[in-house]
C-alpha cells in the first residue's frame, strides 16, 4: 500500500515512512520472542528491494516483481514459525497452515482497501494537505511556477515531463508544474505528453510523438 501511494504522489515520503513503521511493528515483537530470525527479515527486505526495482527501474511487471512478492510473503510466514535456523523439523504443519492463513488474510486486508479506496484517499482533504505541505517549498525554488488555475482546464493540452513518470511524476505545462500519472507504463523525462483526464491531485497523461 505504501509503495502504491508513494508512486501516486512521488516525493512526499509519508506513505513509505508509514509502511516502514508498520513493518517494524510487525517484526519487532516476533524478533524479541525469538520467532523472527535475521535471515527471515532479510528475505522480507530483499523482496521489497526487488519490488522497488521492478516498479522504479525495470519496465513492466515481470520476474523481479513476482520474486519480490514471493520473498516478502515468505519472510512474513517464516517469521511466525518457531524454527531453528533452516531446521523446520519440530515445526508442526498446523502452525505453518495458520501462519500462511494469517499472512494471506493480512495481505487481502491491506490490498483490497487500496484497490477499492486508494483513489479516494489520495484525493481526500487530509492527503491533499500532506502533499501540498511537501510540494510548496519545491515550487518556490523551481523556475517553473506552481499551478494558478483549475487543472480541469488542462485536459487536451500538451506538456513536457520534468521527471520520469513511473507511473507518477511531474510535468510542465505553460511554465507551470503539475503532478501527473502515465496512462500506460512509464514515460522518460523530457518527453512530450498530452493530458487526457483530470483525476483530482494528478493529471492522467500519455506520451505523444
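Numbering (this note's numbering), first residue to last: 9 to 217.
The beta carbon of each residue, even a glycine, is placed where N, CA and C say it ideally should be.
From a predicted model like this one, the values you see are computed outputs, not experimental measurements.
C-beta atoms of residue i and residue j nearer than 7 Å
i           : j           : result
residue 101 : residue 85  : no
residue 61  : residue 75  : no
residue 212 : residue 191 : yes
residue 196 : residue 172 : yes
residue 201 : residue 179 : yes
residue 160 : residue 203 : no
residue 181 : residue 167 : yes
residue 53  : residue 35  : no
Residue environment, residue i, which counts as buried when at least 16 other CB atoms sit within 10 Å
i           : result
residue 46  : exposed
residue 189 : buried
residue 153 : Unreliable placement is indicated for residue 153, whose pLDDT of 49 sits below 50; no coordinate value is reported for it.
residue 56  : buried
residue 109 : exposed
residue 177 : buried
residue 105 : exposed
residue 40  : exposed
residue 59  : buried
Endpoints, the beta strand (DSSP E) within which residue i is located
i           : result
residue 59  : Residue 59 -> not in any beta strand (DSSP E); alpha helix (DSSP H) instead, spanning 46 to 64.
residue 170 : Residue 170 -> no beta strand (DSSP E), and no H or E assigned at all.
residue 200 : 200 to 206
residue 213 : 211 to 215
residue 179 : 176 to 181
residue 190 : 184 to 190
Boundaries of the alpha helix (DSSP H) in which residue i is found, first to last residue
i          : result
residue 79 : 71 to 86
Same chain, Cβ closer than 8 Å to residue i, five either side skipped, listed in chain order
i           : result
residue 64  : 174
residue 43  : 87, 88, 89, 90
residue 217 : 200
Chain-order list of residues whose beta-carbon lies under 6 Å from that of residue i (same chain, five-residue window excluded)
i           : result
residue 51  : 79, 82, 83
residue 215 : 195, 199, 201
Cβ shell of residue i (< 7 Å), same chain only, five flanking positions each side left out
i           : result
residue 205 : 163, 212
residue 28  : none
residue 111 : 81, 84, 85
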